[in-house]
Every structure is written in structure tokens, then in C-alpha cells.
């Protein structure tokens, strides 16, 4: 039987910078997280845009949710020269949009329902980064996840059982799916169905 199982859900931008908008003269860039898939992002706000970290303790029968939202940095660049035209604008959205809707122990598993909807704080209104998941964490360390996330940015789900190495449960890279911030952020259509992994 597992004592503690951590489940980590994040959304992140793989690139260093992405173009969000352009006119004939300027383009608006947003700072990404400049990384691939990885579990160890817990105390690094620069490594994600959104995060839900769940810790299930079967010995104490506790379920703890730690929400996180990374910072936003906006940059305006002259298209012809590449010159940065003004100081970067920084913003920080609230963690309130990253929610644990319910959590409970049922027989030999814990069930957690997560929902996230957070927009770009420096550009309002803007589409949200979204997810909705139902997660079951079993006392033997197996995890099932069902739900949906949007088609942009990248999304990942990991588990870590006691002191063992983290295990990837779900990885989605918008670049391999042909999605961009323009096409993917408005689509809430990527299904997740992980069974007893």
C-alpha cells in the first residue's frame, strides 16, 4: 500500500517567447516557460502558467491541494527592427481560478475534482487556460484521470508514489498537434483518459 501519492497537473508554454498579436508595426510577445515535460516544478513559478499539486496521504486520510499561477510578462517589439519599444509589462493572476472542487475518500481510493480557468492578466479580456479533471488515487499507488483541457498551451500530469521516481500520466504538446496560441487557446477539446496507471 502507498503511504503518500502526489499528483501534479500543470499547463506551460514550451517556448521562451510566443507571439500573441501583431499590427503592421509591432508585435506583442508573451514570455513562455522555455522547457519540456518535467515533474520537478513545485517551487518554481517560472516553470508553469498554471499548476494544481495534490498530495494524498493514505495513513492520515488527508487530501491537500496546492494551486499555483505563474507570472505573465508582456513585451512589445518593433517588427522591422526587432527593438523592444517599452519596458516589459508584468502581471500576476490570482490562484483563485485554480480550484479543487471536491475531494473525498471512497473505499480504497481518493477522488479529487479539479477545475482551472485563468486568463492573461495584462490583456483583458483574453481566453482562459482551462482544465477539468476527475482524479482517482488508489491505495496501491495507481492513478486514473479523466477530463478535458484546452488545445493550448502544453499540459502535463504526473504522479509520484512515496519516494519513487515520478511517472508521467499525460503529456500534450500543442506544437506536435499543430496548435498555436491563436488556434488552441479557444478550444476546450483535448480529452484525457488515463486508467489505473
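In full-length UniProt numbering, the protein residues as written are 1 to 197.
Glycine included, each C-beta is placed from N, C-alpha and C at the ideal position.
Keep in mind it's a predicted model, so treat the numbers as computed, not measured.
Residue i Cβ short of 8 Å to the ligand SAM heavy atom set
{"i": "residue 179", "result": "The model depicted lacks the ligand SAM and carries no ligand whatsoever."}
DSSP state of residue i mapped onto helix, strand, coil
{"i": "residue 30", "result": "strand"}
{"i": "residue 138", "result": "strand"}
{"i": "residue 184", "result": "helix"}
{"i": "residue 47", "result": "helix"}
{"i": "residue 179", "result": "coil"}
{"i": "residue 128", "result": "coil"}
{"i": "residue 148", "result": "strand"}
{"i": "residue 190", "result": "strand"}
{"i": "residue 22", "result": "strand"}
{"i": "residue 159", "result": "strand"}
{"i": "residue 168", "result": "strand"}
Beta-carbon proximity check, residue i vs residue j, cutoff 9 Å
{"i": "residue 122", "j": "residue 89", "result": "yes"}
{"i": "residue 69", "j": "residue 118", "result": "yes"}
{"i": "residue 160", "j": "residue 39", "result": "yes"}
{"i": "residue 11", "j": "residue 37", "result": "no"}
{"i": "residue 125", "j": "residue 185", "result": "no"}
{"i": "residue 105", "j": "residue 63", "result": "yes"}
{"i": "residue 98", "j": "residue 7", "result": "no"}
Close-in-space but distant-in-sequence residues of the same chain around residue i (CB under 6 Å, 5 per side omitted)
{"i": "residue 146", "result": "134, 193"}
{"i": "residue 65", "result": "54, 100"}
{"i": "residue 13", "result": "32, 33, 153"}
{"i": "residue 21", "result": "28"}
{"i": "residue 18", "result": "30, 32, 181"}
{"i": "residue 167", "result": "159"}
{"i": "residue 91", "result": "72, 121, 122"}
Close beta carbons around residue i, own chain, < 8 Å, minus the five adjacent residues each side
{"i": "residue 183", "result": "151, 152"}
{"i": "residue 3", "result": "57, 58, 59, 162"}
Expected contact under 8 Å - CB spacing of residue i and residue j to nearest Å
{"i": "residue 116", "j": "residue 130", "result": "6 Å"}
{"i": "residue 140", "j": "residue 1", "result": "6 Å"}
{"i": "residue 86", "j": "residue 76", "result": "6 Å"}
{"i": "residue 137", "j": "residue 109", "result": "6 Å"}
Own chain residues within Cβ distance below 7 Å of residue i, not counting five before or after
{"i": "residue 191", "result": "148"}
{"i": "residue 171", "result": "37, 156"}
{"i": "residue 169", "result": "143, 145, 157, 158, 159, 194, 197"}
{"i": "residue 15", "result": "32, 34"}
Item to check | Ranges of the beta strand (DSSP E) found wholly within the stretch 50–124, counting only runs of at least 3 | outcome: 50–57, 62–69, 72–78, 89–91, 98–106, 109–118
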